[in-house]
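All you need for our numbering is the position in the sequence shown, starting with 1, plus 5.
Each residue gets a CB set at the ideal place from its N, CA and C atoms; glycine is no exception.
Since the model is a prediction, treat every value here as computed from it, not as a measurement.
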Amino acid sequence: MTNFINELKKFFTVPKNLLFMIGIPMIFTVFFGNVYRNDYLNTIPITVYDMDNSSLSRSLVEEFDKNPRYTVDFYSENLDEVKQAVESTQVYMGVVIPSDFEKDVKSKKSSKVALIVDATNMAVANNALASATEIISTVNAGVNLQFLEGKNVPPSLSKRYVNIFEMNNRTLWDPKLSYKYYVMPGMILVLVQQLFLSIFVVNVIEDKTNIFYKILIHTIISSLTFLICTSLLKHVLGINIIGNMLTSTFLSFMYLISLSSIALVLALSISSPLRAIQLCMLLSVPSFLTAGYVWPVMKMPQLSVYIIKALWPLIYMIAPLRDYLIKGALPYYFKSNMLQMTVFACIWFFIAFLISKKSRSCLDEED
């Protein structure tokens with residue numbers, strides 16, 4: 006118990022420990038959270054090239070213009086202007102209406118409205134395409150309705166013919182499809198992970214005594230930091246956290262215990278604190294991109310998944326923890342992930358033990 010108290014005093018008497026493991030995560034949570042504060046991606050700039058200039062084509066353009074999702078920045082005179090505007094990112098989408106559009110539609114000939122979309126930004130492209138499809142479908146239904154009524158079909162029957170079937174969707178947990186729900190829960194865990202690594206590894210390099218207590222203190226402090234950051238998401242940034250805060254904090258604690266195994270291997274293998282920090286920072290991007298958060302695990306090559314699971318534990322926890330925070334329920338594969346993460350921790354703790362034993366043997370031989 007005395008050793009634990011001594012390690013606790015060491016931790017709290019070093020200002021950098023408090024700054025990097027508590028202060029900076031809180032600051033970054035608020036900063037990054039504000040970046041994604043807007044729920045909707047509105048006023049996407051677009052250009053229109055109307056080759057028909059008919060009442061129908063103008064009504065279609067008007068639907069785009071009055072939709073809050075878009076802002077018609079200018080009207081192109083030819084197709085090259087549309088392409089140039091999209092290529093130069095003056096706009097993110099071009100709407101091209103063909104000549105004889107109204108004539109072909111009324112005569113029931115095939116006529117297509119072309120959408121030229123800049124897909125370099127996935128968020129903008131997806132939102133632009135989704136709403137454009139809705140607008141064109143709505144106008145198309147209106148035209149069909151007028152056509153049927155023009156054939157003396159009763160209005161009530163015309164509507165039934167036009168709406169042979171309807172799609173009724175119910176988007177759960179994030180009906181606005183905002184990025185803050187998708188990005189922030191995972192971002193918090195990665196942020197806590199990286200600062201935990203940087204401080205824990207350096208502290209072990211500088212002092213290799215009482216390692217068990219160091220692991221315990223650093224994981225507890227980082228877990229409490231995770232709790233503070235998720236509370237900021239909920240109470241300051243307005244993200245609807247459904248999952249129990251204490252349960253999610255416990256899950257983060259379990260993850261950090263697992264992470265400390267490979268962190269201990271790094272601390273025992275690297276003698277320079279500066280090089281250790283550089284390596285820990287270097288690991289942040291690849292660990293996040295390969296953890297099944299940005300791209301689902303089920304779409305990764307199986308061999309790659311095995312390699313990732315053997316080298317870094319983030320893949321076991323980041324998606325389940327996000328699901329729990331947002332849904333209040335863990336995914337079906339969570340138990341399997343926890344078992345694999347436990348095996349991961351045991352293997353890497355054993356590797357750390359072997360490295361430590363070998364280091365002591367070398368020191369004894371030198372003496």
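> With burial defined as no fewer than 16 other Cβ atoms inside 10 Å of the residue's Cβ, what is the status of Arg-327: buried or exposed?
Replying inline: buried
>> Going by C-alpha to C-alpha distance, which of Asp-105, Lys-185, Asn-126 sits closest to Glu-92?
In response: Asn-126
> Could you give the distance in angstroms between the alpha-carbon of Gly-243 and the alpha-carbon of Val-195?
Replying inline: 20 Å
> Are Ser-237 and Val-35 closer than 9 Å when you measure CB to CB?
Replying inline: The sequence shown places Leu at residue 237, rather than the Ser named in the question. The answer is yes: Cβ separation under 9 Å.
> Excluding the five sequence neighbours on either side, which residues of its own chain have a C-beta within less than 8 Å of the C-beta of Phe-355, listed in chain order?
Replying inline: none
> Is the distance from the Cβ of Phe-205 to the Cβ of Ser-228 below 9 Å?
Replying inline: no
>> Please classify Ala-268 as buried or exposed, where buried requires at least 16 other C-beta atoms within 10 Å of its C-beta.
In response: buried
> Just how far apart, CA to CA, sit Ser-309 and Met-343?
Replying inline: 19 Å
> When you compare only the Cα positions, how much space is there between Leu-46 and Ala-119?
Replying inline: 22 Å
> Relative to the C-alpha of Ile-262, which residue among Ala-324, Cys-351, Met-192, Thr-230 is closest?
Replying inline: Cys-351
> Would you report the Cα separation of Ser-274 and Thr-235, rounded to the nearest angstrom?
Replying inline: 33 Å
>> So, with DSSP's three-state summary, where would you put Met-98?
In response: strand
> With 16 as the cutoff for other CB atoms within 10 Å, does Asn-168 come out buried or exposed?
Replying inline: For Asn-168, the predicted structure reports a pLDDT of 49, less than 50, and the residue's modelled location is therefore unreliable. The matter cannot be settled from this model.
>> At the level of alpha carbons, what is the spacing between Val-241 and Ile-10?
In response: 34 Å
>> Taking contact to mean 3 or more Cβ pairs, one atom from each stretch, closer than 8 Å, check whether the region 104-123 and the region 27-43 are in contact.
In response: no
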